[in-house]
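The structure under discussion appears below in the form of structure tokens.
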Amino acid sequence: MFGRAMHQRRLSPTMLRLVAAVFVLQLLSSAAAIFFLRTQMLDVVRADREDQVIDVRDDLLAAFYSGGRESLDDFIRDQRGSVADPGVFVALAGGSAPALTSNIDFVPAIAPGPRPQSVLVRRGDSATDQEALVLATTLPDGAKLTVGLMGASERRFNLAFAAAIGLTIAVAVALALLSAVVLGVAISSRTHEIAQAAEELAAGNFGMRLAEGQSGDGFDHLRLQMNQMAERIASLVAELGAVSGALAHDLRSPVTRLSAAIDTALARVDEPGAIEALQAARADADGLRAMLETALEISRLEGGTAQDRRVSLDLAAVVADMAELYEPLAEQSGVTMTLDLAPAWIMADRELISRALANAIDNALKYGGTAITLRTCVAEGEAVLEVADNGPGIAPEDRPRVIERFVRLDNARTLPGGGLGLSMVNAVARLHRGRLELGEAAGGGLSLTLHLPR
Amino acid sequence: MVPTPCPGSGGKINSLSWKWLVAGRILLVEDDPQIGDYIARGFAEEGYTVDRAENGRDGLFLATDSQFDVVVLDRMLPGMDGLAVLKALRAAEVETPVIVLSALGSTDDRVAGLTAGADDYLGKPFSFAELLARVQALTRRGTGRQKAQDTVLRCADLELDRLTRQVKRGTRKITLQPREFRLLEYMLLHQGEVVTRTMLLEAVWDYHFDPGTNVIDVHISRLRRKIDDGEEQALFHTVRGAGYRMAAD
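Protein sequences, first through last, are from chains P and C. For reference, each letter of the first sequence is one residue, going 2 to 455 in our numbering. For reference, each letter of the second sequence is one residue, going 73 to 321 in our numbering.
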């Protein structure tokens, strides 16, 4: 089929939103992972510290049981064994001996229990309270042993964690962004691939098929459905082609017979009245034939079954040739034809462009007033061919309608023609991937412009 | 093409006046009996002998078996497609001129027909006059037909020099536009034959579609004024329902 205009690729708002959503989700999942990890690690650290507190208490209890209250007092005072840790503090009150503390000013009042508790304590050398894990135990002599561990390590852990989390977030953001973009590009390219296939279909290449994958995802489903759709369209078009071929045969043969009969009659009569009537019938038969042919040609062009006979040509030369053909007729009809031709090279089918141009000039001669301007140029990368006249023009609301097949405006009904001329021009423009625009000419008439991609 | 007679035309040419020029033997391969009858009757009236076949196989057999001046071959035939017949004929080195008739009148089909070895191609519906003109052109039996390689073409006192590109009628020099020159050259090469509007569009302008209006008529009447105005003998003749003929008679 004819050349293709690539759809401009860029990130659409939809695509942008999708990429943003992927990015945010990635970020949230990273944050959730980090939070979970932190909680777990804190739990582990806390369990370790609780064990440490219990160990210290057990050491102290062992000292008490082996040497009584004095041995315990010595153990605490000398900061032996596990009590040597600067984070550990011990308080002993009540019972048979005076109260004793190490590393601490104020002994928190907590009830004896099996597990350490978090409370605020103040160390001797510190001005502020800090968190500590504290465990209270009642000794057999009635004294209360309080053992604690300062929370400095948890705070350090938090600081370290804060530093780590900054780095982690930076990496997560980069990865999230990367994956969002990769995903966006992947989806976008797959969508473009499918859109391009749809474009081929729209252009009439019904033989196109997408490569079907086996993964069974949404894209594969879409490809499969597109292929089935293409198959269906292809079979319908083929059917249509067969029907129109049959129609051509069925309708053209009777029209040929009609023309032949009229010719036979024309050759045998000499009466002027009869000749006149037969010539009128002959003209109508020819009109019928031309309409039939044009209608079938349009079907062929729109069906995309026309052969590609494009060559590199200059629109200006094509227009000059056609203007030369029509110039005597225009002169005879009292119409002046002006050429304003700049070179415009494109790949095009000379026969079809000429045919479209002939239709446009014919249209202008029939309805267009006294002056026709033919213009070619290159504008915005497109070859432009304009046929403008100074006739009554076409009202803006009627313009889309006249391109349809067999539509004729009221003022045209008295003139010969099948209402196919502009449909033909439109079909030729579409076959060249261009478009037909109807507008108002500078002089107030109709401006008919073909825009053809180069 | 609407056969509008030109103003000041030579009037109706009676078929009797040129019947004797063109007689020949024609093979008509056409499955539609009514169209076949019309064509056969038309050629018979023009003095041709017409043999008929109603399907591709019979047509191929007849065409290879005996000598014809022209084969008129329908494109869509039962049994064997027209183009297949044509290819088989050419493969068998039968060089009889073939004109293909077809309801498939698009350019693609025309090109396919010509590539398969047809000498001419005519889309249905056609007028018999158009077919006759083309068959006459193929049989090359027109009066005083001039050769394609002649440098000077003549008709009565009209002279066209293809090298110096000068045109004279007697002693009067005639100035022609390039396209008018080609038009006159074509008319002179086919003098005595009927030349239709579509033949002129194809040969002189290289367009294979019907523009629908009488563009050719206006070109012809312009050229005719330059050649025939003020002369006793008119060389341009309008053939009603068909086209034009250039002749000294």
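Cβ atoms here follow ideal geometry from the backbone N, Cα and C, with glycine treated the same way.
### Task
Label R304/C either buried or exposed according to how many other C-beta atoms from any shown protein chain fall within 10 Å of its C-beta, with 16 as the threshold for buried.
Translated into positions along the second sequence, residue 304/C becomes position 232. In the sequence under discussion, the amino acid at residue 304/C is Glu, which differs from the Arg named in the question. By the neighbour-count rule (16 or more Cβ atoms within 10 Å), E304/C is not buried but exposed.
### Query
Ordered along the chain, which non-local residues of its own chain (more than five positions away) have a Cβ less than 8 Å from that of V256/P?
On the first sequence, position 255 is the one that residue 256/P refers to. So the list reads A286, L289, R290 and L293, once near-sequence residues are dropped.
### Task
Just the C-alpha distance for L184/P and L178/P, rounded to the nearest angstrom, thanks.
On the first sequence, position 183 is the one that residue 184/P refers to. On the first sequence, position 177 is the one that residue 178/P refers to. Straight-line Cα distance between these residues: approximately 10 Å.
### Query
Hey, G311/C and V266/C: beta-carbon distance below 8 Å or not?
The residue you call residue 311/C lines up with position 239 of the second sequence. The residue you call residue 266/C lines up with position 194 of the second sequence. A small fix is needed here, since residue 311/C is Val in this sequence, not Gly. A contact, by the Cβ cut-off of 8 Å.
#### Entry: Within chain C, the residues that L326/P reaches when beta carbons sit closer than 7 Å
Along the first sequence, one-based indexing puts residue 326/P at 325. Result: W277 and V287.
### Task
Keeping to the same chain, check which residues put their C-beta closer than 6 Å to that of A282/P; ignore five residues upstream and five downstream.
Here residue 282/P refers to the residue found at position 281 of the first sequence. Closer than 6 Å at the Cβ level, and outside the excluded window around A282/P, lie I263.
### Message
Assess contact between the segment 149 to 169 of chain C and the segment 101 to 111 of chain C, defined as three or more Cβ pairs (one per stretch) separated by less than 8 Å. Is contact present?
### Response
yes
### Query
Where DSSP assigns a beta bridge to Y316/C, which residues make up the other side?
On the second sequence, residue 316/C is found 244 positions in, with the first residue counted as 1. Answer by DSSP bridge pairing, in chain order: V267/C and T310/C.
### Task
Please classify F115/C: does DSSP put it in a helix, a strand, or coil?
Within the second sequence, the letter at position 43 stands for residue 115/C. DSSP places F115/C in helix when its eight states are reduced to three.
#### Entry: For P401/P and G394/P, the rounded distance between their alpha carbons
Taking the first sequence and counting its residues from 1, the one referred to as residue 394/P is at position 393. Taking the first sequence and counting its residues from 1, the one referred to as residue 401/P is at position 400. So the alpha carbons of these two residues sit roughly 13 Å apart.
### CA-to-CA distance, G108/C to L386/P, given in whole angstroms
The residue given as residue 386/P occupies position 385 in the first sequence. The residue given as residue 108/C occupies position 36 in the second sequence. Each residue's Cα considered, the two are about 45 Å apart.
#### Entry: Alpha-carbon to alpha-carbon, Q139/C and G216/C
The sequence position of residue 216/C within the second sequence is 144, counting from 1. The sequence position of residue 139/C within the second sequence is 67, counting from 1. In this predicted model, G216/C has a pLDDT of only 45, less than 50, meaning its place in the structure is not dependable; the value taken from the coordinates is given anyway. In this structure, the straight-line span from the alpha carbon of G216/C to that of Q139/C is close to 24 Å.
### Task
Name the residue from A201/C, E118/C and R254/C whose alpha carbon lies nearest to the alpha carbon of R237/C.
Within the second sequence, numbered from 1, the residue matching residue 237/C stands at position 165. It is R254/C whose Cα lies nearest to the Cα of R237/C.
### Task
Would you check if the distance between the CB atom of F200/C and the CB atom of Y316/C is smaller than 8 Å?
Taking the first residue of the second sequence as position 1, residue 200/C is located at position 128. Taking the first residue of the second sequence as position 1, residue 316/C is located at position 244. Against a cut-off of 8 Å, the Cβ pair of Y316/C and F200/C comes out as no contact.
### Query
Rounded to whole angstroms, how far is the Cβ of V207/C from the Cβ of I171/C, which I believe are closer than 8 Å?
As a working note, residue 207/C is residue 135 in the second sequence. As a working note, residue 171/C is residue 99 in the second sequence. V207/C to I171/C, Cβ: 6 Å. Contact.
### Query
Anyone know if the C-beta pair for A357/P and V244/P falls short of 8 Å?
By 1-based counting over the first sequence, the position of residue 357/P is 356. By 1-based counting over the first sequence, the position of residue 244/P is 243. Result no, Cβ atoms of A357/P and V244/P do not sit closer than 8 Å.
### Message
Strictly under 8 Å for the Cβ-Cβ distance: is F281/C near chain A by that measure?
### Response
No chain A appears in the structure shown, which is made up of the protein chains P and C.
### Message
Counting only Cβ pairs nearer than 7 Å, list the residues of chain P close to V290/C.
### Response
Your numbering for residue 290/C matches position 218 in the second sequence. Result: P329, L330 and Q333.
### alpha helix (DSSP H) runs wholly inside the segment 151 to 219 of chain P, at least 4 long, in chain order
153 to 203
### Query
With 16 as the cutoff for other CB atoms within 10 Å, does K245/C come out buried or exposed?
The residue you call residue 245/C lines up with position 173 of the second sequence. Exposed is the call here.
### Task
Please decide whether S355/P counts as near chain C, where near means a Cβ-Cβ distance under 8 Å.
Locating residue 355/P in the first sequence gives position 354, where the first residue counts as 1. S355/P counts as touching chain C.
### Query
Taking Cβ-Cβ distances below 7 Å as the criterion, which residues of the segment 100 to 113 of chain C are in contact with chain P?
D104, Q106, I107 and Y110
### Task
Closer than 7 Å, Cβ to Cβ, to anything on chain C: give me those residues from the segment 343 to 368 of chain P, in chain order.
Listed in sequence order: E352, S355, R356, A359 and D363.
### Task
Select from the segment 255 to 266 of chain P all residues with a C-beta closer than 9 Å to any C-beta belonging to chain C, and list them in chain order.
P255, V256, T257, R258, L259, S260, A261, A262, I263, D264 and T265
### Query
With 8 Å set as the bound, which would you pick, yes or no: does the beta-carbon of A212/P sit closer than that to a beta-carbon of chain C?
Residue 212/P sits at position 211 when you count from the first residue of the first sequence. Not one chain C Cβ lies under 8 Å of A212/P.
### Query
Under the rule that 16 or more other beta-carbon atoms within 10 Å means buried, what is H433/P, buried or exposed?
What you label residue 433/P is simply residue 432 of the first sequence in a count that begins at 1. Buried.
### Query
Exposed or buried, Q41/P, counting other C-beta atoms within 10 Å across all chains shown (16 or more means buried)?
Indexing the first sequence from 1 puts residue 41/P at position 40. That one is exposed.
### Query
Can you list, in chain order, the residues of its chain whose CB lies under 6 Å from that of V379/P, leaving out five sequence neighbours each side?
Position 378 of the first sequence holds residue 379/P. Excluding positions up to five away in sequence, the list reads A345.
### Query
Quick one: Cα of V25/P to Cα of A161/P, how far?
As a first step, residue 25/P is located in the first sequence; it is residue number 24 there, counting from the start. As a first step, residue 161/P is located in the first sequence; it is residue number 160 there, counting from the start. If you take the alpha carbons of V25/P and A161/P, they lie about 26 Å apart.
### Message
Taking the alpha carbon of Y193/C as the reference point, which residue from V142/C, C227/C, A228/C and A164/C has its own alpha carbon closest?
### Response
Within the second sequence, numbered from 1, the residue matching residue 193/C stands at position 121. Measuring from the Cα of Y193/C, the nearest candidate turns out to be V142/C.
### Message
Give me the DSSP bridge partner(s) of H452/P.
### Response
Taking the first sequence and counting its residues from 1, the one referred to as residue 452/P is at position 451. DSSP, once it has assigned bridges, lists V385/P and R436/P as partnering H452/P.
### Task
Would you mind stating whether L261/C and A220/C have Cβ atoms separated by less than 8 Å?
As a first step, residue 261/C must be located in the second sequence, where it is residue number 189. As a first step, residue 220/C must be located in the second sequence, where it is residue number 148. The answer is yes: Cβ separation under 8 Å.
#### Entry: Start-to-end residues for the beta strand (DSSP E) that takes in I404/P
Taking the first residue of the first sequence as position 1, residue 404/P is located at position 403. No beta strand (DSSP E) holds I404/P; DSSP gives it neither H nor E.
### Query
Going by Cα to Cα distance, which pick from L230/C, Q106/C and T211/C is closest to Y120/C?
Here residue 120/C refers to the residue found at position 48 when the second sequence is read from its first residue. Among L230/C, Q106/C and T211/C, the Cα nearest to that of Y120/C is on T211/C.
### Message
Does chain P have any CB closer than 8 Å to the CB of S199/C?
### Response
Locating residue 199/C in the second sequence gives position 127, counting from the first residue. Judged by the 8 Å Cβ criterion, S199/C is in contact with chain P.
### Query
What in chain P is Cβ-close to K298/C, meaning under 7 Å?
Here residue 298/C refers to the residue found at position 226 of the second sequence. Here the premise fails: no neighbours, minimum Cβ distance about 12 Å.
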